[in-house]
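Heads up: the sequence shown begins at 33 in the working numbering, then just goes up one per residue.
Report on the following structure.
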Amino acid sequence: MDFRSVIARLEQQGKVVHVKSEVDPVHELAGIAKKFEGQEKIVVFDRVKGQKYPVACGLWWNRDIIGSLFGVKAGEVPGVFAAAGKSFQEKPVAPVIVENPPCQEEVTLAPNLYELTVPTLALEDGGAYFSNCIVIAKDPDTGVRNTSIHRLMITGKNRLAMLMDVGRHLRSYYERAEAKGQPLEITINNGVDPAVYVCATYPGTGIRDDELGVASALNGGEPVRLSCSKTVGVEGLADAEVVIEGRMLPNIREPEGPFGEVSGFYAQKDNRWVVEVTAITNRKQPLMSTLLPGKEVWNSVGCTAEASILATVSKMVGGVKNVYLSHGNCGFFGCVVQMEPTRPGMGKNAIMAAFAAFPPMNMVTVVNSDVNIFDAEDVMRAITTRCNVAEDMVIIKHAACHELNPATDYGVGTKFGFDCTVKPGQEERNKKVAFRDVDLSRYEIE
């Protein structure tokens, strides 16, 4: 599936809101999108001031929408992603190169990024940002492709400043190329198959894996379609709406930021990495895509991380039922593990296994299966009534976390876990109050 066919399907299901009024790409567009955030509808802005192309927002802010993209219910999404990851590891399917790709219906070798519809989102953002583009690069030593997502701020007609988090494969590629005094060639792909977006966020792949195989597994084994680029040696996504070709320049840093990040706080301005754009190719009348930092990130990262954590913790600890990275944890920084411990101490083992499965987290809460992990009140009740902090809290100081979490010292912080599972012999004391279930339709009620 490609991006525009996905939008067409959602249109048929009545899940697309069209904003017909002209909107300003600076703050106004994002302000309107924020009013719809989390609803089971996406928003398409048909007329953007000063721009030729429409832009869609909200594809990832509702889990029911995400489930519909893959033909399952919302709660089944992590399982589908986990199965794809397993299939990828067992029998990866390599991408294929296609001739005359849709993404090259129009080619511009004198690129002007300001001609693309790229909004300025939060009120204090440093400029217009690509917030959800798929970046493809090749390992300078092995040639293995990497697929990832990074924020990119437009700083000139053919220039971008970008962030690369510590520990990301792309950063390793770049640092090795930079050590040789060489640029790192990349493509920046906008408006893509949702399965490709999943593979770009999937945490269970190694630096020698071409993650595009995860997208193939999600699409029933169909190989991902790539296109040969016009100016760089890295492929683009053949069915993308827009492909930006460029080079990450060695030994050059320029100001980037601030940016309203996944944490709900601003990432501050600093000197960061620079992309020189060498070409822009696109479909005729592309439908561009943007992402509102918040629920869209929390869901897209959360669903893939849940799949990885569930698979890893289940292998190491018995009795695991489910995993959830809640919006309150930013879909990144903490999770709730639901389990029935097979013996004392396994709750703490689950905490440590979860941290190993998804290192960006700094908090894990483990609860019994009578706790609704999707209900923040129920989880908090378990913490306050079933966790004796002196005995049941796990603290790991000076650990690697996620640098975008302001609770850390730029990526180094304290991980902590709450073992809220009921202790042997305490079952009656922790038995939940229950009431008779009745059918209100049988009663006369005014």
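C-beta: ideal position from N, C-alpha, C; glycine also.
- Residue environment for residue 219: buried (at least 16 other C-beta atoms within 10 angstroms of its C-beta).
- Within its own chain, the residues whose Cβ lies closer than 7 Å to the Cβ of residue 270, once the five positions on either side in sequence are excluded, are 130, 133, 134, 135, 257, 258 and 259, listed in chain order.
- Contiguous beta strand (DSSP E) elements confined to the region 400-475 occur at 425-432 and 444-451, taking only those with 3 or more residues.
- Ranking 305, 246 and 334 by CA distance to the CA of residue 364 puts 334 first.
- As the crow flies, the alpha-carbon of residue 187 is around 22 Å from that of residue 273.
- If one requires a minimum length of 3 residues, the beta strand (DSSP E) runs lying completely within the region 222-290 are 257-259 and 274-288, in chain order.
- The three-state secondary structure of residue 184, taken from DSSP, is strand.
- Counting every other CB atom within 10 Å of its CB across the protein chains shown gives residue 50 a total below 16, marking it as exposed.
- In the DSSP assignment, residue 305 falls within the unbroken beta strand (DSSP E) covering 302-314.
- Within the model, the alpha-carbon separation for residue 183 versus residue 290 is close to 11 Å.
- Residue 55 counts as buried, since no fewer than 16 other beta carbons sit within 10 angstroms of its beta carbon.
- DSSP, reduced to helix, strand and coil, places residue 123 outside both helices and strands of the structure shown, so it counts as coil.
- Between residue 362 and residue 399, the gap from beta carbon to beta carbon reaches 9 Å or more.
- According to the DSSP secondary-structure assignment, residue 77 is paired through a beta bridge with 51 and 87.
- Residue 332 sits close to residue 229, with the two beta carbons spaced by under 9 Å.
- Under the Cβ criterion (8 Å, minimum of three pairs), the region 367-376 does not count as touching the region 310-330.
- With fewer than 16 other beta carbons inside 10 angstroms of its own, residue 199 counts as exposed.
- In the DSSP assignment, residue 214 falls outside any alpha helix (DSSP H), carrying neither H nor E.
- Judged by their CB atoms, residue 33 and residue 225 are nearer to each other than the 9 Å cut-off.
- For residue 366, the enclosing beta strand (DSSP E) stretches over residues 366-371.
- DSSP places residue 321 in the strand class (E or B) of the three-state scheme.
- Where residue 168 is concerned, the enclosing beta strand (DSSP E) starts and stops at 166-170.
- If you check the CB distance, residue 411 and residue 404 come in under 9 Å.
- By the criterion of a C-beta distance shorter than 6 Å, residue 447 is surrounded in its chain by 387, 394, 428 and 431, once the five residues flanking it on both sides are discounted.
- Comparing alpha-carbon positions, the option among 144, 371 and 171 lying closest to residue 401 turns out to be 371.
- Classified as buried, residue 148 has 16 or more neighbouring CB atoms from the shown chains inside 10 Å of its CB.
- If you ignore the 5 residues before and after residue 157, its C-beta comes within less than 7 Å of the C-beta of 290, 291 and 292, all in its own chain and listed in chain order.
- Residue burial annotation: residue 222 is buried, with at least 16 other C-beta atoms found within 10 angstroms of its C-beta.
- It is roughly 52 Å from the alpha-carbon of residue 205 to the alpha-carbon of residue 462.
- By the criterion of a C-beta distance shorter than 7 Å, residue 299 is surrounded in its chain by 289, 290, 291, 293 and 436, once the five residues flanking it on both sides are discounted.
- Residue 99 places its beta carbon 9 Å or farther from that of residue 71.
- As the crow flies, the alpha-carbon of residue 150 is around 11 Å from that of residue 165.
- Under DSSP, residue 177 takes part in a beta bridge, and its partners are 170.
- Bounds of the alpha helix (DSSP H) holding residue 60 are 60-68.
- Our two residues, residue 58 and residue 352, have alpha carbons roughly 46 Å apart in a direct line.
- Distance from the CA of residue 268 to the CA of residue 421, rounded to the nearest whole angstrom, comes to 51 Å.
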